[in-house]
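Notes follow once the structure below has been shown.
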Amino acid sequence: MILNVEGLQTYIGEFHILQGVSLQVPAGKVTVLLGRNGAGKTTTLRTIMGFLKPRQGKIEFEGQGITGLPAHLVARKGLGYVPEDQAIFSGLTVEENLKIAMRSKNGEGLLEKVVSIFPDLKAAWRKKAGSLSGGQKQMLAMGRGLVTNSRLLLIDEPSKGLAPVVVEKLAEAIKQIKKETTVVLVEQNFNLARAVGDRYYILDDGRTVHSGTMADLAADTSLQQRYLGISLSPH
1 MILNVEGLQT YIGEFHILQG VSLQVPAGKV TVLLGRNGAG KTTTLRTIMG
51 FLKPRQGKIE FEGQGITGLP AHLVARKGLG YVPEDQAIFS GLTVEENLKI
101 AMRSKNGEGL LEKVVSIFPD LKAAWRKKAG SLSGGQKQML AMGRGLVTNS
151 RLLLIDEPSK GLAPVVVEKL AEAIKQIKKE TTVVLVEQNF NLARAVGDRY
201 YILDDGRTVH SGTMADLAAD TSLQQRYLGI SLSPH
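Counting in full-length UniProt numbering, the sequence shown runs from 1 upward without gaps.
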């Protein structure tokens, strides 16, 4: 397992958000975190990435403990993060946004990789990020995650607010990304989750309550309705 998380207990102020989150992430796969709004999915990613410090629990990446490390040190270990708010620089061009995110001075190959996965970015190369469409901004945010050359990429709700045709492009992009980079994905769009996910974890009220393969979840309507309030048809 590239990532092992055990018994995370995370507070935000006085609020006890994570109350026992555990998960194991296999290398080379897409692991999807599912759950209703407020279940603790984003807080889990932010705790793994070092933006929040857990009061209890353990986080191991490639066998090394990273629990409680600040985000910049977690990033140096090989983890990347694409937040829900995208965190792009509106006043910079697409090219500048990508280059400022690179950790390596010899990153031309990484730039080529990004534009091969997201050809829409090549067409907008000299445009200011603030002028991009919602879909292009999300592609740029994911591209910024990729140019860090991380071995594990945490992606928070990339399809939020996007048109179905753009979501399809993101699905194809994530399939390409996982050929070289392990992905942990928080996603509310279940068509996207099922299309790209290999395994899933369901969070409920700050706890890990169920896990398995996406195929198992698609076939289990009672589980879908109980924890997610949706119904995924098997086909």
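Positions of the beta carbon are idealized from the N, C-alpha and C atoms, including for glycine. The structure presented is a predicted model; accordingly, all values stated were derived computationally and were not measured.
- Exclusion of the five residues before and after residue 65 leaves 58 and 59 as the residues of its chain whose Cβ lies within less than 8 Å of its Cβ.
- Beyond the five residues adjoining it in sequence on each side, residue 193 comes within less than 8 Å, by CB distance, of 32, 34, 185, 187, 200 and 214 in the same chain, given in chain order.
- Its chain contains 10, 12, 43 and 46 as the residues whose beta carbon lies nearer than 8 Å to that of residue 52, once the 5 sequence neighbours on both sides are disregarded; these appear in chain order.
- For residue 208, same chain residues with a beta-carbon under 8 Å away, outside a window of 5 residues either side, are 20, 21, 22, 23, 201 and 202 in chain order.
- Classified as buried, residue 136 has 16 or more neighbouring CB atoms from the shown chains inside 10 Å of its CB.
- Counting of Cβ neighbours within 10 angstroms places residue 108 among the exposed residues, the total staying below 16.
- By a beta-carbon distance limit of 8 Å, residue 129 contacts residue 94. Their separation comes to about 6 Å.
- 113 is the residue among 113, 204, 125 and 126 whose C-alpha sits nearest the C-alpha of residue 179.
- DSSP assignment within the region 2 to 79 yields the following whole beta strand (DSSP E) runs of 3 residues or more, N-terminal first: 3 to 12, 15 to 25, 30 to 34 and 56 to 61.
- Counting the other CB atoms within 10 Å of its CB gives residue 121 a total of 16 or more, which places it among the buried residues.
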